[in-house]
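Visitor: Before we start, here is the structure in question, set down as structure tokens.
Residue numbers (this note's numbering): 420 to 885.
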């Protein structure tokens with residue numbers, strides 16, 4: 420790498436770090452160190468030609484695009500031109516074609532590596548007081564996102580079979596592993612919603628290497644299957660899930676621990692069609708599980724010692740599972756990832772990864788603000804933090820290096836004030852009050868309706884001329 424390219428990369432790295440409050444003396448340490456960011460680019464991108472949209476500049480604009488309220492490519496290009504003018508450089512064209520081509524050249528591996536590394540480093544540097552008895556709690560859940568209806572997207576992420584061709588949208592399934600304490604997405608997997616090995620538990624099996632001995636996994640009843648729990652216990656991970664409704668729980672059996680609280684042995688079920696012989700043979704013949712019923716919930720867990728974890732503590736632990744629903748809602752609604760924009764499967768994967776990288780970067784800033792305010796990151800508003808980050812963009816972009824620490828202090832102080840109100844025992848029906856506009860739904864492909872309107876238009880023109 421020549422000296423000019425090194426100098427430009429160094430400048431871009433400094434601006435990238437400054438954008439997300441990574442200055443000298445950061446509260447939680449350097450989550451995005453300069454040397455590591457350079458190494459990620461060198462290893463994932465490899466040799467590259469110097470262009471207007473280099474790898475790191477393209478990455479920065481891509482992240483600004485998914486953080487911004489507009490999220491269009493034209494808005495990202497305009498931000499890039501504004502940055503060039505602010506630095507005293509000659510502005511490039513406002514044509515968004517070169518930027519779109521640069522996004523295609525950006526390796527997906529770089530986005531995935533950044534998202535996972537940033538999440539891991541934040542989880543490693545968080546205060547011990549945020550953990551549960553020094554143990555990391557990881558929440559697991561799945562969701563879906565839709566995308567433009569293109570032939571390529573339909574082949575990779577087919578629409579629901581109940582929808583007619585031309586009337587639905589391609590849908591992708593996303594399974595994420597989220598840290599309860601700091602809120603970062605530690606790992607994720609993307610797949611289709613149709614076909615074999617595309618369910619949430621199948622996608623989770625590809626993420627098991629990210630779990631470490633001593634972790635605690637909390638998930639809903641979808642992940643309460645024998646094989647999922649067996650894979651986690653093999654890694655030394657404890658599990659707290661809601662009992663699957665297909666499994667009968669009889670508290671008259673097993674070793675009694677208390678009222679509606681006992682330890683039982685689960686027997687290895689028959690080999691499912693989707694599992695190969697080698698994997699099935701490696702499964703344990705039995706699982707020792709604790710089952711407890713609290714109100715209408717029946718929980719199953721590998722935390723067997725009632726003296727260490729009481730029945731009430733299990734309930735309090737499982738109730739925190741709802742946090743992953745709020746985190747996924749923040750990504751899909753606040754960051755607008757619920758409906759993607761890219762028209763090819765490769766760019767869809769990059770767009771999802773870019774959203775998760777930007778989300779983790781926002782969580783880095785929120786964690787620093789929470790640490791300074793002596794509170795938990797989940798007590799701060801994610802939407803409010805994102806609004807403050809957007810507001811400080813121009814100020815941080817053109818800030819002299821000597822004043823960065825002061826402006827970062829104002830940024831973190833502002834975010835630390837955005838505390839969520841206490842909503843203990845809050846109950847809200849999942850209904851909408853505002854009525855939708857009374858427009859008819861699309862029941863035929865758009866091309867057919869458009870051709871029908873063209874015929875009507877021609878008839879009206881002919882009638883007007885006669």
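Ideal Cβ positions, reconstructed from N, Cα and C, are used throughout, including at glycine.
Based on Cα-Cα distance, which residue from 509, 463, 502 lies nearest to residue 435?
Guide: Here residue 435 is taken as the residue at index 16 of the chain shown, counted from 1. Cα-wise, what sits closest to residue 435 is 502.
Visitor: What are the boundary residues of the alpha helix (DSSP H) that includes residue 606?
Guide: As a first step, residue 606 is located in the chain shown; it is residue number 187 there, counting from the start. From DSSP, residue 606 is part of no alpha helix (DSSP H) but of the beta strand (DSSP E) over 604–611.
Visitor: Nearest to residue 695 by alpha carbon, out of 484, 616, 732, 870?
Guide: As a working mapping, residue 695 is identified with position 276 in the chain shown. Checking every option, the nearest Cα to that of residue 695 belongs to 616.
Visitor: On the DSSP letters alone, give me the boundaries of the beta strand (DSSP E) that residue 556 sits inside.
Guide: Here residue 556 is taken as the residue at index 137 of the chain shown, counted from 1. That run of the beta strand (DSSP E) goes 556–565.
Visitor: Roughly how far, in whole angstroms, is the beta-carbon of residue 782 from the beta-carbon of residue 541, given that I think they are within contact range, below 8 angstroms?
Guide: The residue labelled residue 782 in the question sits at position 363 within the chain shown. The residue labelled residue 541 in the question sits at position 122 within the chain shown. Yes, residue 782 and residue 541 are in contact; Cβ-Cβ is about 7 angstroms, under 8 angstroms.
Visitor: CA-CA distance, residue 479 and residue 840?
Guide: For this step, residue 479 is matched to residue 60 along the chain shown. For this step, residue 840 is matched to residue 421 along the chain shown. About 33 angstroms.
Visitor: Under the assumption that residue 747 contacts residue 562 (Cβ atoms under 8 angstroms), give the Cβ distance between them as a whole number of angstroms.
Guide: Taking the first residue of the chain shown as 1, we reach residue 747 at position 328. Taking the first residue of the chain shown as 1, we reach residue 562 at position 143. With a Cβ gap of about 5 angstroms, residue 747 and residue 562 count as contacting.
Visitor: Give the list of continuous alpha helix (DSSP H) stretches no shorter than 4 residues that lie fully inside the segment 628–679.
Guide: Here the runs fully enclosed are 645–653.
Visitor: Rounded to a whole number of angstroms, what is the C-alpha to C-alpha distance between residue 809 and residue 483?
Guide: On the chain shown, position 390 is the one that residue 809 refers to. On the chain shown, position 64 is the one that residue 483 refers to. If you take the alpha carbons of residue 809 and residue 483, they lie about 9 angstroms apart.
Visitor: Let me know the secondary structure DSSP gives residue 708 once reduced to three states.
Guide: Working through the chain shown from its first residue, we reach residue 708 at position 289. DSSP places residue 708 in strand when its eight states are reduced to three.
Visitor: Residue 560: which of 794, 622, 532 sits nearest, CA to CA?
Guide: The count along the chain shown starts at 1 and reaches residue 560 at position 141. If we check each option's Cα against that of residue 560, 622 comes out closest.
Visitor: Going by C-alpha to C-alpha distance, which of 601, 600, 619 sits closest to residue 609?
Guide: On the chain shown, residue 609 is found 190 positions in, with the first residue counted as 1. Among 601, 600, 619, the Cα nearest to that of residue 609 is on 619.
Visitor: Please go through the same chain and pick out, in chain order, the residues whose beta-carbon is closer than 8 angstroms to the beta-carbon of residue 804, but skip the five residues on each side of it.
Guide: For the purposes of this step, residue 804 is taken as residue 385 along the chain shown, with counting starting at 1. Correct list, in chain order: 781, 784, 785, 788, 834, 837.
Visitor: As an exercise, report each continuous alpha helix (DSSP H) stretch of at least 4 residues that is fully enclosed by the segment 473–533, in chain order.
Guide: Listed in chain order, the complete alpha helix (DSSP H) runs (minimum 4 residues) inside the segment 473–533 are 474–486, 492–505, 516–524.
Visitor: Between the C-alpha atoms of residue 853 and residue 847, what's the straight-line distance to the nearest angstrom?
Guide: Stepping through the chain shown from its first residue, residue 853 is reached at position 434. Stepping through the chain shown from its first residue, residue 847 is reached at position 428. Those two C-alpha atoms are separated by around 15 angstroms.
Visitor: Taking the alpha helix (DSSP H) that residue 442 falls in, what are its first and last residues?
Guide: As a working note, residue 442 is residue 23 in the chain shown. Element bounds for residue 442: n/a, residue is neither H nor E.
Visitor: Let me check understanding here. Comparing Cα to Cα, which of 792, 580, 667, 693 lies closest to residue 719?
Guide: Within the chain shown, residue 719 is the residue found at index 300, counting from 1. Residue 667 is the option with its Cα nearest to residue 719.
Visitor: Tell me the residue span of the beta strand (DSSP E) that contains residue 590.
Guide: Taking the chain shown and counting its residues from 1, one reaches residue 590 at position 171. Looking at the DSSP string, the run of the beta strand (DSSP E) that includes residue 590 is 590–598.
Visitor: Buried or exposed for residue 884, please, with buried defined as at least 16 other CB atoms from any protein chain shown within 10 angstroms of its CB.
Guide: Along the chain shown, read from residue 1 onward, the residue named residue 884 stands at position 465. So residue 884 counts as exposed.
Visitor: Over the uninterrupted alpha helix (DSSP H) stretch that includes residue 745, give me the two end residues.
Guide: What you label residue 745 is simply residue 326 of the chain shown in a count that begins at 1. Its alpha helix (DSSP H) spans residues 741–748.
Visitor: In angstroms, rounded to a whole number, what distance separates the CA positions of residue 849 and residue 869?
Guide: By one-based count along the chain shown, residue 849 stands at place 430. By one-based count along the chain shown, residue 869 stands at place 450. Distance between the alpha carbons of residue 849 and residue 869 is about 36 angstroms.
Visitor: Rounded to whole angstroms, what is the Cα-Cα separation between residue 505 and residue 777?
Guide: As a working mapping, residue 505 is identified with position 86 in the chain shown. As a working mapping, residue 777 is identified with position 358 in the chain shown. Residue 505 and residue 777: Cα-Cα distance of roughly 23 angstroms.
Visitor: Run through the DSSP bridge pairs and tell me what residue 713 is partnered with.
Guide: For the purposes of this step, residue 713 is identified with residue 294 of the chain shown, where counting begins at 1. Its beta-bridge partners are 716.
Visitor: Relative to the C-alpha of residue 514, which residue among 526, 498, 528 is closest?
Guide: The residue given as residue 514 occupies position 95 in the chain shown. When only C-alpha atoms are compared, the closest one is 498.
Visitor: Does DSSP put residue 892 in a helix, a strand or coil?
Guide: The structure shown has nothing for residue 892, since the chain only spans 420 to 885.
Visitor: I'd like to know whether the C-beta atoms of residue 545 and residue 601 end up nearer to each other than 8 angstroms.
Guide: Here residue 545 refers to the residue found at position 126 when the chain shown is read from its first residue. Here residue 601 refers to the residue found at position 182 when the chain shown is read from its first residue. Against a cut-off of 8 angstroms, the Cβ pair of residue 601 and residue 545 comes out as a contact.
Visitor: Suppose the cutoff is 8 angstroms on Cβ atoms and the five residues either side in sequence are ignored; what does the same chain contact list for residue 518 look like?
Guide: To locate residue 518, count along the chain shown from 1; it is residue 99. Excluding sequence neighbours, residue 518 sits near 472, 477, 480, 492, 495, 496, 499.
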